[in-house]
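Heads up: the sequence lines are chains A and B, in that order.
So the first sequence is numbered by the working numbering: it starts at 111 and just counts up by one.
So the second sequence is numbered by the working numbering: it starts at 13 and just counts up by one.
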Amino acid sequence: MFEARLLQGGLLKKVLDSIKDIITEGNFDCSPNGLSLQAMDSSHVSLIDILLESEGFEHYRCDRNIPMGLNITNLVKMIKCAGSEDIVTIKCEDKPDNVTFLFESKDNDKISDFEMKTMTIDDEHLLVPDQTYTAVVKMPSAEFQRLCRDMAAIGDTVNISVTKEGVRFSTTGDMGTANITVRPNPSGDQKEEERTEVQITEPVSAGFALRYLNSFTKATPLSPTVTLGMVPNLPIVVEYKIADMGHVRYYLAPKIED
Amino acid sequence: QEMQLRLDSFFSFS
């Protein structure tokens with residue numbers, strides 16, 4: 111059986127907010143290491159990779175690997191019924207037809223349980239190779255969110271160029287062009303999460319659909335910083351680390367000149 | 013004209 115108790119139930123809401131615009135269903139894989147999910151959007155352009163490590167739960171028991179296939183829209187509806195301060199317990203049997211969500215208020219004066227039907231989902235796991243990124247940019251997640259939103263007001267595609275001087279975001283649309291350059295500022299007085307850091311072995315430049323990047327920024331409440339990893343001619347990775355718990359990572363295939 | 017590539021042309025299915 112699988113049983114996991116999470117003290118910060120609000121975290122689940124944030125995780126679901128970060129995926130609900132991209133996928134409609136997914137297999138949550140319960141394993142002794144933690145709860146994970148890998149799913150592509152319907153057009154196979156982007157991939158979501160979530161890990162919530164077992165150590166991040168107050169109580170975690172998983173005897174064997176269990177794929178928990180869930181409709182994300184319905185899951186969002188159910189988790190919305192939890193208070194943001196509630197403690198959430200997720201429970202299911204080894205071959206589940208249902209998953210139980212137990213919500214306990216912080217003061218223990220209200221307990222609710224919801225049972226949700228599971229579904230069988232064909233697993234299409236992609237092997238994402240562990241790779242060394244040619245360029246890694248760490249920046250405040252709110253800054254990245256703002257930037258993607260501003261760029262999307264002008265164009266559909268953003269070209270991201272990373273050099274040791276900084277990261278240049280450029281877009282072109284019917285009304286004109288926009289360029290935003292974010293410079294690394296590691297020596298300033300900013301707190302670590304307010305800094306932009308760039309590590310590169312060689313300059314990288316590629317174009318990406320803003321529609322997807324904007325969806326990824328729904329993960330902003332999960333982390334004060336976001337990390338972009340790029341390798342020439344390969345998908346970009348956009349990672350939001352969840353403190354003491356794991357990550358929400360997105361991979362996005364580039365656009366090329368036809 | 014720009015073309016959107018798909019992820020399965022980069023990563024293989026397990």
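Cβ coordinates follow ideal geometry from the N, Cα and C atoms, glycine included.
### Query
How would you write the range of the beta strand (DSSP E) that ARG359 of chain A sits in, first residue to last?
Position 249 of the first sequence holds residue 359 of chain A. Per DSSP, the continuous beta strand (DSSP E) segment holding ARG359 of chain A begins and ends at 356-362.
### Query
From what residue to what residue does the beta strand (DSSP E) around LEU338 of chain A run?
Counting from 1 along the first sequence, the entry for residue 338 of chain A is found at position 228. Run containing LEU338 of chain A: 335-340, per the beta strand (DSSP E) assignment.
### Query
So ILE197 of chain A and LEU116 of chain A are in contact, right, with Cβ under 8 angstroms, and what is the actual spacing, rounded?
Counting from one through the first sequence, the residue named residue 197 of chain A turns up at place 87. Counting from one through the first sequence, the residue named residue 116 of chain A turns up at place 6. Cβ-Cβ separation between ILE197 of chain A and LEU116 of chain A: approximately 7 angstroms, consistent with a contact (criterion under 8 angstroms).
### Query
Going by C-alpha distance, which of A:GLY179, A:LEU147, A:ASN184 and A:GLU163 is nearest ASP207 of chain A?
Taking the first sequence and counting its residues from 1, one reaches residue 207 of chain A at position 97. Checked all of A:GLY179, A:LEU147, A:ASN184 and A:GLU163; the closest Cα to ASP207 of chain A is A:GLY179.
#### Entry: Of the listed residues A:HIS357, A:ALA363, A:GLU367 and A:LYS365, nearest to GLY144 of chain A (C-alpha basis)
For the purposes of this step, residue 144 of chain A is taken as residue 34 along the first sequence, with counting starting at 1. Checked all of A:HIS357, A:ALA363, A:GLU367 and A:LYS365; the closest Cα to GLY144 of chain A is A:HIS357.
### Message
Less than 8 angstroms between CB atoms is the rule here; does VAL155 of chain A satisfy it with respect to chain B?
### Response
Here residue 155 of chain A is taken as the residue at index 45 of the first sequence, counted from 1. Interface residue, yes.
### Test item: CB-CB of TYR322 of chain A and PRO345 of chain A under 8 angstroms
Position 212 of the first sequence, counted from the first residue, corresponds to residue 322 of chain A. Position 235 of the first sequence, counted from the first residue, corresponds to residue 345 of chain A. For TYR322 of chain A and PRO345 of chain A, no; Cβs fall outside 8 angstroms.
### Query
Which residue from A:VAL341, A:SER194 and A:GLN255 puts its Cα closest to that of THR273 of chain A?
For the purposes of this step, residue 273 of chain A is taken as the residue at position 163 of the first sequence. Measuring from the Cα of THR273 of chain A, the nearest candidate turns out to be A:VAL341.
### Task
Would you mind sorting THR267 of chain A into buried or exposed? The rule is 16 or more other CB atoms within 10 Å of its CB.
Position 157 of the first sequence, counted from the start, is the residue given in the question as residue 267 of chain A. By the 10 Å Cβ count, THR267 of chain A comes out buried.
### Query
Taking Cβ to Cβ, would you say TYR350 of chain A is nearer than 8 angstroms to SER325 of chain A?
Position 240 of the first sequence, counted from the first residue, corresponds to residue 350 of chain A. Position 215 of the first sequence, counted from the first residue, corresponds to residue 325 of chain A. With respect to SER325 of chain A, TYR350 of chain A sits apart: the two C-beta atoms are not nearer than 8 angstroms.
### Query
Span of the alpha helix (DSSP H) holding CYS258 of chain A?
As a working mapping, residue 258 of chain A is identified with position 148 in the first sequence. CYS258 of chain A -> alpha helix (DSSP H) spans 251-264.
### Message
Once the 5 residues before and after GLU113 of chain A are set aside, which same chain residues still bring their CB inside 6 angstroms of it?
### Response
Along the first sequence, read from residue 1 onward, the residue named residue 113 of chain A stands at position 3. Taken in chain order, the residues that qualify are ARG171 and LYS201.
### Message
Against chain E, with Cβ distances strictly below 8 angstroms, would LEU236 of chain A count as a contact?
### Response
As a matter of chain content, chain E is missing from the structure shown, whose protein chains are A and B.
### Message
Quick check on this structure: which residue in A:PRO294, A:ASN295 and A:ARG278 has the alpha carbon closest to the alpha carbon of ALA288 of chain A?
### Response
Residue numbering aside, residue 288 of chain A sits at position 178 when the first sequence is read from its first letter. Selected option, being the one with the closest Cα: A:ARG278.
### Query
Quick one, which of A:GLY317, A:MET249 and A:GLU303 has its alpha-carbon nearest VAL292 of chain A's?
As a position in the first sequence, residue 292 of chain A is number 182, starting the count at 1. The option with the nearest alpha carbon to VAL292 of chain A is A:MET249.
### Query
By how many angstroms is the C-alpha of ASN269 of chain A removed from the C-alpha of PHE22 of chain B?
Taking the second sequence and counting its residues from 1, one reaches residue 22 of chain B at position 10. Taking the first sequence and counting its residues from 1, one reaches residue 269 of chain A at position 159. Between PHE22 of chain B and ASN269 of chain A, the C-alpha separation is close to 19 angstroms.
### Message
By the three-class DSSP mapping on this structure, what secondary structure does ALA353 of chain A have?
### Response
What you label residue 353 of chain A is simply residue 243 of the first sequence in a count that begins at 1. Per DSSP, reduced to three states, the secondary structure at ALA353 of chain A is coil, with no helix or strand assignment.
### Query
Closer than 7 angstroms: is that where the CB of GLN16 of chain B sits relative to any heavy atom of the ligand HEM?
Absence of the ligand HEM from the depicted structure is noted, as is the absence of any ligand whatsoever, leaving it without description.
### Task
Could you pull out every residue in the same chain whose Cβ sits closer than 7 angstroms to the Cβ of MET188 of chain A, ignoring the five residues on either side in sequence?
For the purposes of this step, residue 188 of chain A is taken as residue 78 along the first sequence, with counting starting at 1. Within the same chain, MET188 of chain A has close Cβ partners PHE211, PHE224 and MET226.
### Query
Just the Cα atoms here: how many angstroms apart are SER156 of chain A and GLY166 of chain A?
Numbered from 1 along the first sequence, position 46 holds the residue referred to as residue 156 of chain A. Numbered from 1 along the first sequence, position 56 holds the residue referred to as residue 166 of chain A. Looking at the backbone, the Cα of SER156 of chain A and that of GLY166 of chain A are separated by about 27 angstroms.
### Task
Mind checking which residues open and close the alpha helix (DSSP H) that includes VAL125 of chain A?
In the first sequence, the residue the question calls residue 125 of chain A occupies position 15. Residue range 120-127 is occupied by the alpha helix (DSSP H) that includes VAL125 of chain A.
#### Entry: Per-residue contacts from ASP368 of chain A into chain B (C-beta, under 7 angstroms)
Residue numbering aside, residue 368 of chain A sits at position 258 when the first sequence is read from its first letter. Listed along chain B are GLN13, GLU14 and MET15, each with a C-beta nearer than 7 angstroms to that of ASP368 of chain A.
### Message
Taking DSSP's pairing of strands, which residues face ASP139 of chain A in a bridge?
### Response
What you label residue 139 of chain A is simply residue 29 of the first sequence in a count that begins at 1. Under DSSP, the beta-bridge partners assigned to ASP139 of chain A are A:SER146 and A:PRO177.
### Task
Taking the CB atoms as reference points, tell me whether GLN13 of chain B and LYS365 of chain A lie closer together than 8 angstroms.
For this step, residue 13 of chain B is matched to residue 1 along the second sequence. For this step, residue 365 of chain A is matched to residue 255 along the first sequence. No, the Cβ-Cβ distance between GLN13 of chain B and LYS365 of chain A is not below 8 angstroms.
#### Entry: MET261 of chain A to THR183 of chain A span [Cα, whole Å]
Position 151 of the first sequence, counting from 1, holds the residue named residue 261 of chain A. Position 73 of the first sequence, counting from 1, holds the residue named residue 183 of chain A. Going by the C-alpha atoms only, they are around 28 angstroms apart.
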